[in-house]
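*Asks:*
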Amino acid sequence: MTDYTLIRSKRRTIAIYITKDAAVEVRAPLKASKAEIDRFVASKREWIDKHLSAREETVQSKAAFTLNYGDTIAVQGKKTPIIAKDGNRVGFDGERFYLPPGLTQGEIKRAVIQVYRLAAKNLLTNKVTGYAKQMGVTPIAVKINGAKTHWGSCSGKNSINFSWRLVMADDDVIDYVVVHELAHIKEHNHSDRFWAVVEGVLPDYKGRQAKLKELQKRLAREDWE
57 MTDYTLIRSK RRTIAIYITK DAAVEVRAPL KASKAEIDRF VASKREWIDK
107 HLSAREETVQ SKAAFTLNYG DTIAVQGKKT PIIAKDGNRV GFDGERFYLP
157 PGLTQGEIKR AVIQVYRLAA KNLLTNKVTG YAKQMGVTPI AVKINGAKTH
207 WGSCSGKNSI NFSWRLVMAD DDVIDYVVVH ELAHIKEHNH SDRFWAVVEG
257 VLPDYKGRQA KLKELQKRLA REDWE
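Per this note's numbering, residue 57 is the first one in the sequence shown, and the count goes up by one each step.
(1) Check whether the Cβ of Leu180 lies closer than 9 Å to any Cβ atom in chain B.
(2) Check Leu108 in the structure and name its three-state DSSP category.
(3) So, for Ala276: in the same chain, excluding its five sequence neighbours on each side, which residues have a beta-carbon less than 7 Å away from its beta-carbon?
(4) Please report the distance separating the alpha-carbon of Asn144 from that of Thr136.
(5) Can you tell me the Cα-Cα spacing of Asp167 and Asn201, whole angstroms?
(6) Can you tell me which of the three DSSP states Ala145 falls into?
(7) Go ahead and pull the three-state DSSP assignment for Arg64.
(8) Using 8 Å as the cut-off, can you tell me whether the region 124–134 makes contact with the region 211–231, which would need three or more C-beta pairs spanning the two stretches below that distance?
(9) Is it the case that the region 203–223 contacts the region 176–184, given that we only count it when at least three CB pairs across the two stretches are under 8 Å?
(10) Use the C-beta contact count for Ala239: other C-beta atoms within 10 angstroms, 16 or more gives buried, fewer gives exposed.
(11) With H, G and I counted as helix, E and B as strand and the rest as coil, what does DSSP make of Ala266?
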């Protein structure tokens with residue numbers, strides 16, 4: 057029998073969830089009997105095993121994720137090395153990430169994220185400026201945040217926000233996210249009119265979307281927190 061955590065609530069159906077830490081959670085109606093719940097869980101054994109295995113692999117991959125001097129990480133889709141450079145400064149010179157020598161793995165990760173944020177601010181601000189002019193829109197600000205599940209967003213006041221993680225993507229994918237968010241200044245929704253705006257600038261946007269999803273899958277297996 058599959059071990060699971062049971063959560064009862066005023067819901068009508070029984071549902072099974074695989075948690076982020078690779079555990080099985082069952083949500084059931086208040087009046088559902090334990091026997092009924094167990095039968096339902098047993099009937100979903102194949103689904104549970106498949107998704108639990110995938111989640112366990114992700115958890116193990118994240119736990120094993122480290123950054124060290126000499127490793128390569130992505131900037132605009134290109135492999136970029138992390139090197140030690142005498143001094144106390146951290147930065148990106150267009151070819152490599154440079155950090156002070158002697159940092160721990162945790163310190164290296166925090167320094168790399170700091171550099172990613174700076175690189176993202178410069179890169180995305182420039183791209184927004186160029187595409188905003190082309191699209192005839194005017195965002196009030198460009199901000200960088202640490203969002204894990206949203207690459208970008210556009211506020212009701214037309215402030216554009218991007219996750220620093222976006223700078224890892226291929227350049228054409230970054231362009232897609234920039235155009236996507238700027239298009240929301242014209243259409244604050246995902247209607248046909250919105251997608252027409254995006255397609256008018258990037259006719260091949262669907263291919264870029266697919267590449268973005270692949271990056272999302274890869275980052276889900278890496279621990280950047």
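Where is the CB? At the ideal position from N, CA and C, for every residue including glycine.
*Replies:* From the atom records:
(1) The structure shown contains no chain B, having only a single protein chain.
(2) In the sequence shown, residue 108 corresponds to position 52, counting from 1. Note: Leu108 maps to helix in three-state DSSP.
(3) Taking the sequence shown and counting its residues from 1, the one referred to as residue 276 is at position 220. Only Thr114 meet the Cβ criterion.
(4) Residue 144 sits at position 88 when you count from the first residue of the sequence shown. Residue 136 sits at position 80 when you count from the first residue of the sequence shown. The straight-line gap from Cα to Cα measures roughly 20 Å.
(5) Counting from 1 along the sequence shown, the entry for residue 167 is found at position 111. Counting from 1 along the sequence shown, the entry for residue 201 is found at position 145. A quick correction: the sequence has Ala, not Asp, at residue 167. Approximately 16 Å between the Cα atoms of the pair.
(6) Residue mapping note: residue 145 aligns to position 89 of the sequence shown, counting from 1. A small fix is needed here, since residue 145 is Arg in this sequence, not Ala. Of the three classes helix, strand and coil, the one that applies to Arg145 here is coil, per DSSP.
(7) The residue given as residue 64 occupies position 8 in the sequence shown. Correct three-state label for Arg64: strand.
(8) yes
(9) yes
(10) Within the sequence shown, the letter at position 183 stands for residue 239. That one is buried.
(11) Here the question's residue 266 lines up with position 210 in the sequence shown. It is helical.
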